[in-house]
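Report on the structure given below.
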Amino acid sequence: MTKLMDLKIDFAFKQVFGKEGNEPILLAFLNAALQLPKEKRLSSVEILNPEINREHIEDKASVLDIHAKTEQGEHVNIEIQFANKFDMEKRTLYYWSRIYSAQMQKGMPYTELAKTIAINILNFRFLRETERFHTTFHLYEDQEQFPLTDVMEIHFMEIPKLMDKWEQRAVNPHDNELERWLLLLEADDHEEIRKELEAIAMQDPVMKRAFDEWEDLSRDEKKWVEYESRRKAILDEMAAVREAEIRQQRAREEGLAEGERQKALEVAKNLLAMDMSVEVIAKATGLSAEEIEQLKKQLH
135 MTKLMDLKID FAFKQVFGKE GNEPILLAFL NAALQLPKEK RLSSVEILNP
185 EINREHIEDK ASVLDIHAKT EQGEHVNIEI QFANKFDMEK RTLYYWSRIY
235 SAQMQKGMPY TELAKTIAIN ILNFRFLRET ERFHTTFHLY EDQEQFPLTD
285 VMEIHFMEIP KLMDKWEQRA VNPHDNELER WLLLLEADDH EEIRKELEAI
335 AMQDPVMKRA FDEWEDLSRD EKKWVEYESR RKAILDEMAA VREAEIRQQR
385 AREEGLAEGE RQKALEVAKN LLAMDMSVEV IAKATGLSAE EIEQLKKQLH
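Take the sequence shown: its letter number 64 is residue 198 in the working numbering, and every next letter is one higher.
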């Protein structure tokens, strides 16, 4: 059995879903993600950034997302995030605004700006308000909930929530196309998922093509070098984020500890003023006898 690249690494994801020639795979994913009625399903898609800058594949700031255009002229940006950088809301709005505003040409009326859709596939829990793995956002009026415009559409797809549902046997990739495509991102090292999707692929030629492309990619030694370079950069970045979290937590704990100490000192001062013994004050505050004796000297 071929060892497969992790499709949650953006380099591998783009090679399968965003490479020129793989438009049918991207099209199937988009139709599943956008959940359009049958009569409005997409029939074609153009990949606008099929190339990957190999000189900077290890660069943490590399933009390896997929930018595509539908036959209706709508722009779609797909980004896969392996680790939580705690900036997802502003990050997605920034990327959305860049693609939306980049359509503007000199002398072009605003009315010609096309709908822009951002799809974020996340390898972490993001929205605490819901256990749904797929959420969609638009611009609505606060009170009556009518839309201002349909030009903004933002999707979040949280893989951990989907996997929870998989473990609960609450998903059905045979009937649900989006669940099918998102589960594919976990199939590299999850044998049960892989076998189920391979069975589906026997009836779904596009899924079969995705497996073939994925396996061909994973047999390419040069691509493995690029993949490992990108994977290492992402893991290094995750480690840096985790280290920053640990430092922040430590600082918070130290701050809390110092705050508790100051409270204990204030209590000790009050008890000393009442001529309580050092032993009693030590038991009441948790301070050492030496600290209380020093405080006693300062007060006198």
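Where is the CB? At the ideal position from N, CA and C, for every residue including glycine.
DSSP beta-bridge partners for residue i?
i       : result
Phe-290 : Asn-254 and Thr-269
Asn-211 : His-201 and Ala-252
Val-179 : Thr-204
Pro-339 : Partner(s): none; Pro-339 has no beta bridge.
Pro-281 : Tyr-274
Where do the N-terminal and C-terminal ends of the beta strand (DSSP E) with residue i fall, by residue?
i       : result
Lys-203 : 200–204
Less than 8 angstroms separating the beta-carbons of residue i and residue j?
i       : j       : result
Val-150 : Trp-348 : yes
Lys-342 : Ala-333 : no
Val-179 : Glu-157 : yes
Gly-152 : Leu-141 : no
Asn-257 : Ala-217 : yes
His-201 : Ile-233 : yes
Glu-427 : Val-412 : yes
Arg-259 : Lys-295 : yes
His-209 : Asn-254 : no
Ser-177 : Glu-205 : yes
Asn-211 : Asp-199 : yes
Leu-318 : Leu-331 : yes
Tyr-361 : Phe-147 : no
Ser-422 : Leu-138 : no
Thr-100 : Ala-407 : Absent from the structure is residue 100, since the part of the chain shown begins at 135 and ends at 434.
Leu-399 : Leu-429 : yes
Trp-230 : Thr-245 : no
Gly-207 : Ala-248 : yes
Val-340 : Lys-219 : no
Lys-203 : Leu-170 : no
Return the first residue and the last residue of the alpha helix (DSSP H) that residue i is part of.
i       : result
Thr-226 : 222–236
Val-412 : 412–419
Asp-144 : 144–151
Leu-160 : 157–168
Leu-261 : Leu-261 -> no alpha helix (DSSP H), and no H or E assigned at all.
Gln-432 : 423–433
Using 8 angstroms as the Cβ pair cut-off and three pairs as the minimum, do the region 155–166 and the region 225–237 touch?
When Cβ pairs closer than 8 angstroms are counted between the two stretches, the region 155–166 is seen not to touch the region 225–237, the count staying below three.
Does the region 389–396 come close enough to the region 357–374 to have 3 or more Cβ pairs within less than 8 angstroms?
Contact between the region 389–396 and the region 357–374 is absent, with fewer than three C-beta pairs closer than 8 angstroms.
Does the region 327–341 come close enough to the region 258–271 to have 3 or more Cβ pairs within less than 8 angstroms?
The region 258–271 and the region 327–341 do not touch, with fewer than three beta-carbon pairs separated by less than 8 angstroms.
Scan the region 309–375 and note each continuous alpha helix (DSSP H) run of 4 residues or more that stays entirely inside, going in chain order.
Within the region 309–375, the complete alpha helix (DSSP H) runs of at least 4 residues are 311–318, 325–335 and 339–353.
Does the pairing of the region 283–290 with the region 230–250 give three or more beta-carbon distances under 8 angstroms?
Yes, the region 283–290 is in contact with the region 230–250.
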